[in-house]
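Residue numbers (the UniProt record's numbering): 1 to 339.
Where a beta carbon is used, it is the ideal one built from N, C-alpha and C, also for glycine.
Read the structure below first, then the notes.
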Amino acid sequence: MTHEFKEIIQQASINQQQGIQNILATVVDLDGSSYRKPGVRMLLSSNGKIIGAISGGCVEKEIQRRAQSVFENNKPKIVTYDGRYRLGCEGILYVLLEPFYLSTEFIDAFSKNSKERRPYDIISFFQKEDEAHGDFGSIIQFNNQQIFTFSKEFNTEKTGQLANFKQTLQPLFRLLIIGGEHDAVKLCTLATQLGWEVDVITSIKDPKELIDFPGAKSVVAQTPELIQLSQVNNNTAIVIMNHNFTYDLRWLIKLQEQNPIYIGILGAAKRREKLFNELFEFSPDITDEFLDKIHTPAGLNIGAETPEEIALSILAEILSVIRNKEVFSLKKITGRIHE
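Here is the structure:
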């Protein structure tokens, strides 16, 4: 959801510069089940443009129609959408529609927080009732305790009797790609489409530029012995795709200093035992915890053959690790997909 909110911020800022009104639609509660859950958002603009989605595409036009009164009177409200009779989702969505204004101070704070890769909280105050009007709205609080409202008129002192929905948004999930060949480009492209932040490290013998990896945040050429890595934690996955055994081994030795949630390595299954044996020789104190992070060959067994398919299988495996899910076909589920 973080990348969706980032896109909303970017478009809302552009709209403000052009004199276009913005309304933020947030799903703040849910009775039953739905395609998407509380915390999803979309931006409605007075020029009719929509950024983001709060469902699979069938709810958005209805919400846009019901938001017209907010454009006209600048007053927030709650609306509901009953999917039981229209979508088969067996749920009722409660959607907060509020004027959305970004101050210069907020944009600066949001940019700084994103650059530092820090989490932040969004708290929405509302009344759980269809077509409810009141002093509703949302605040955003950054790690340094800076607090901003989304509407200039929202009075946070009148929220005592209101329901609230709190959401903590983490920094963009980060993918570190080590390699600069064609398959690395395909992995970068798909990962950025997921909204991930992608950094690429290539060989100093074959350096590449940012233009070679569309969507990447950075591209550098460096050796594992000399590079300085930062912010490699459980919000980071690493995929090593050098097609070079010795280079892969050197990177594994280096990565012991870091704590990513996932390390994927391209290559045949038969090279795995050799790779681990040599890793033990260079690092006899290597931990089981670190070894458990290593997935080689990287990816799920979906019959992938092309670079694009291999990238898909790797990203799917990373997602399964992030979400702590055992991989199987959804057709085997008899109850709800999401807990």
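Residue i and residue j closer than 8 Å at C-beta
i    : j    : result
F142 : R118 : yes
D323 : N235 : It is Arg, not Asp, that sits at residue 323 in the sequence shown. Going by C-beta atoms, R323 is not nearer than 8 Å to N235.
E60  : A67  : no
S124 : S138 : yes
A25  : R41  : yes
V79  : D31  : no
P284 : K254 : no
I286 : I238 : no
D29  : F154 : no
I23  : F100 : yes
Y81  : I63  : yes
F245 : R272 : no
P207 : V232 : no
L93  : F126 : no
I20  : S46  : yes
Exposure of residue i, with buried meaning 16 or more beta-carbon neighbours within 10 Å
i    : result
V27  : buried
E98  : buried
I263 : buried
H295 : buried
G160 : exposed
L226 : exposed
V327 : exposed
A311 : buried
F282 : exposed
D183 : buried
K48  : The residue you asked about is not Lys; residue 48 is Gly in the sequence shown. Exposed, because fewer than 16 other Cβ atoms sit within 10 Å of the Cβ of G48.
K158 : exposed
G39  : buried
I333 : exposed
D292 : exposed
S55  : buried
T156 : exposed
N73  : exposed
A12  : buried
Best match in the options for proximity to residue i [C-alpha to C-alpha]
i    : options                : result
S329 : I302, G180, Q10        : I302
G299 : E309, F290, E72, L291  : E309
N15  : G39, A268, I51         : I51
L44  : C58, G19, F71          : F71
F148 : D135, N244, I122       : I122
L210 : V185, Q193, S55        : V185
F213 : I8, E105, K112, G180   : G180
P297 : D206, I333, D288, I314 : I314
W251 : Q222, E273, A268       : Q222
Q228 : Q258, I20, Q64         : Q258
A304 : N164, N74, D248, L266  : L266
P76  : K152, A268, S203, L172 : K152
N113 : D206, A269, T2         : T2
Q256 : N242, Y247, E289       : E289
V95  : N74, Q10, A132         : A132
I140 : T168, K128, K115, G134 : T168
E105 : K332, Q146, I92, D248  : Q146
K115 : K325, S230, I204       : S230
Q193 : C58, K205, L172, S203  : L172
G190 : Q18, P307, H243        : Checking the displayed sequence, the identity of residue 190 turns out to be Leu instead of Gly. The residue with the shortest Cα to Cα distance from L190 is P307.
S203 : N242, C188, A268       : N242
Residue i, DSSP secondary structure in three states
i           : result
D288        : helix
D212        : helix
L176        : strand
I9          : helix
S45         : strand
P207        : coil
S329        : coil
Y120        : strand
L194        : coil
A316        : helix
P297        : coil
S218        : strand
residue 364 : This structure cannot settle anything about residue 364, because the visible part of the chain is limited to 1 through 339.
Q167        : strand
A17         : Reading the sequence as shown, one finds Gln at residue 17 and not Ala. Three-state result, Q17: helix.
D130        : coil
F100        : coil
V321        : helix
V59         : coil
V239        : strand
T202        : strand
F245        : helix
Short CB-CB distance (under 8 Å) between residue i and chain B
i    : result
Q231 : Protein chain content of the structure displayed is limited to a single chain, and chain B is not contained in it.
query: Is it true that the region 215 to 225 meets the region 189 to 199, where meeting means three or more beta-carbon pairs spaced less than 8 Å apart?
result: yes
field: Validate contact between the region 272 to 282 and the region 312 to 326 using beta carbons, cut 8 Å, 3 pairs
entry: no
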